[in-house]
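**Q** In our numbering, the protein residues as written are 826 to 1169.
Mind looking over this structure? Questions follow.
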């Protein structure tokens, strides 16, 4: 049978996959919560729930920016470094006595400028986004070390009470930063699904050539989504700095891979054209619950990294298979048991 003969079954399958992937992720997250609630008594401990909230919130905020990039067929490896530098810049300006508002603006501006630089490298100079953002990650990490010269191992630790309240304030036992992250997800989802801008982003990611033909300014949109991603990473950096009362060189280290995995698990695709912020939130929930389970059951860190890496490999393979099915290739062709040219 020729490869094209699989067409009638392929598109309904993909449509079902797109509709059900978020529901599947939700089911997995719910199952993890159930298993942890009954299998690990410490899971429902107030301190553990507080820790979950304060780890979920900044990761959700960064995942918002990352998922928007995924929708357009891009991703950013520098978000963890941006988070770290923005937190340190905010702390530095605070320590210099310029006030909380000025410090926060400076921190957010740093993330936006780095995002702008990433966008120009990718959209204007046509540098591959993996290479561009990987290089930016190393450069920003170097700037972090430069800014911390002479501060000691702990970095910046002296903040006014009003600033630390940003990361520690609660409403009926729920952290304000978590409520804020949820509000951003809801607002962002509305923009993606219900506005012209959102439809253009999906169209650009799903079919760049057709997007160019109908007049969508790909360069401007790509620069814009990188700026937005940088802003979200910077916002997370400011909030985490306020939460822990410290800004040091370890802030955001290695975070980018967890965010990318979360977006893939939540329905994003490296090929672009699909994904949602609700899915990104669920993906972050999945990764955070897995990490929390590892800690509760005292799983060695080496095994934690192995499992997270395995999850990344699995979701990338599934995404690649879905992309090939979208191209209307049969399962036999995908797995090499039938020739693409001859169909035998």
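Don't be surprised by glycine CBs; every beta carbon is placed ideally from N, CA and C.
The structure presented is a predicted model; accordingly, all values stated were derived computationally and were not measured.
(1) With distances taken Cα to Cα, identify the nearest neighbour of residue 1122 among 847, 854, 864 and 849.
(2) By how many angstroms is the C-alpha of residue 1142 removed from the C-alpha of residue 1136?
(3) Classify residue 1131: buried if its beta carbon has 16 or more other beta carbons within 10 angstroms, exposed otherwise.
(4) Let's see if you can read the secondary structure: which residues bound the alpha helix (DSSP H) around residue 929?
(5) Going by the DSSP bridge assignment, what does residue 906 pair with across the sheet?
(6) May I ask you to verify whether the segment 1098–1105 touches the segment 882–890, counting CB pairs closer than 8 Å and requiring at least 3?
(7) Taking all protein chains shown into account, do 16 or more other C-beta atoms lie within 10 angstroms of the C-beta of residue 1127, making it buried, or fewer, making it exposed?
(8) Can you give me the start and stop residues for the alpha helix (DSSP H) that residue 1054 sits inside?
(9) Which residues in the same chain as residue 958 place their Cβ atom closer than 7 Å to its Cβ, once the five residues preceding and following it in sequence are excluded?
(10) Look up residue 1149 in the DSSP assignment and say whether it is helix, strand or coil.
(11) Quick one: what does DSSP say residue 1075 is sitting in, helix, strand or coil?
(12) I'd like the span of the alpha helix (DSSP H) that includes residue 1024, first residue to last.
(13) Between which two residues does the alpha helix (DSSP H) carrying residue 871 extend?
(14) If you run the structure through DSSP and keep just helix, strand and coil, what is residue 1085?
(15) What number of angstroms, rounded off, separates the C-alpha of residue 935 from the C-alpha of residue 1031?
(16) Grab the span of the alpha helix (DSSP H) containing residue 865 for me, first residue to last.
(17) Which whole-angstrom value describes the C-beta separation of residue 1006 and residue 882, a residue pair presumed to lie in contact below a C-beta threshold of 8 Å?
(18) Beta-carbon within less than 6 Å of residue 833's beta-carbon, same chain only, minus the 5 sequence neighbours each way: which residues are those?
(19) With DSSP collapsed to three states, give me the class of residue 981.
(20) How far does the alpha helix (DSSP H) with residue 947 in it extend, from its first residue to its last?
(21) Going along the chain, which residues of its own chain have a beta-carbon closer than 6 Å to the beta-carbon of residue 988, five neighbours each way excluded?
(22) In the DSSP assignment, the alpha helix (DSSP H) including residue 1111 goes from what residue to what residue?
(23) Can you tell me whether residue 997 is buried or exposed? The criterion is at least 16 other CB atoms within 10 Å of its CB, across all chains shown.
(24) Going straight from the alpha carbon of residue 850 to that of residue 920, what length do you get?
(25) Please return the same chain residues whose Cβ sits closer than 8 Å to the Cβ of residue 953, not counting the five positions on each side in sequence.
(26) For residue 1080 and residue 908, which I take to be in contact (beta-carbon distance under 8 Å), what is that distance rounded to the nearest angstrom?
(27) Expressed to the nearest angstrom, what Euclidean distance is found between the alpha-carbon atoms of residue 1098 and residue 1028?
(28) DSSP three-state label for residue 999, please.
(29) DSSP on residue 911, reduced to helix/strand/coil?
(30) Can you tell me where the alpha helix (DSSP H) with residue 973 in it begins and where it stops?
(31) Only counting the same chain, and skipping five residues up and downstream in sequence, which positions put a Cβ closer than 7 Å to that of residue 1109?
(32) Along the chain, where does the alpha helix (DSSP H) containing residue 990 start, and where does it finish?
(33) Figure out for me which residue from 1095, 1074, 1116 and 1124 has the closest Cα to the Cα of residue 1148.
(34) Is the segment 852–859 touching the segment 1109–1120 in the sense that three or more CB pairs, one from each, lie closer than 8 Å?
(35) Quick one: Cα of residue 1041 to Cα of residue 896, how far?
(36) Roughly how many angstroms separate the alpha carbons of residue 1037 and residue 1043, rounded to a whole number?
**A** Checking against the coordinates, here is how it stands:
(1) 864
(2) 10 Å
(3) exposed
(4) 925–944
(5) BP columns for residue 906 are empty, so no partner.
(6) yes
(7) exposed
(8) 1043–1069
(9) 901, 902, 903 and 943
(10) helix
(11) coil
(12) 1021–1031
(13) 871–896
(14) helix
(15) 30 Å
(16) Looking at the DSSP string, residue 865 is not in any alpha helix (DSSP H), and its letter there is neither H nor E.
(17) 4 Å
(18) In this predicted model, residue 833 has a pLDDT of only 37, less than 50, meaning its place in the structure is not dependable enough to derive any value.
(19) strand
(20) Element bounds for residue 947: n/a, residue is neither H nor E.
(21) 925 and 1067
(22) 1102–1121
(23) exposed
(24) 43 Å
(25) 947
(26) 7 Å
(27) 6 Å
(28) strand
(29) helix
(30) Looking at the DSSP string, residue 973 is not in any alpha helix (DSSP H), and its letter there is neither H nor E.
(31) 881, 884, 885, 888 and 1087
(32) 986–993
(33) 1095
(34) yes
(35) 15 Å
(36) 7 Å
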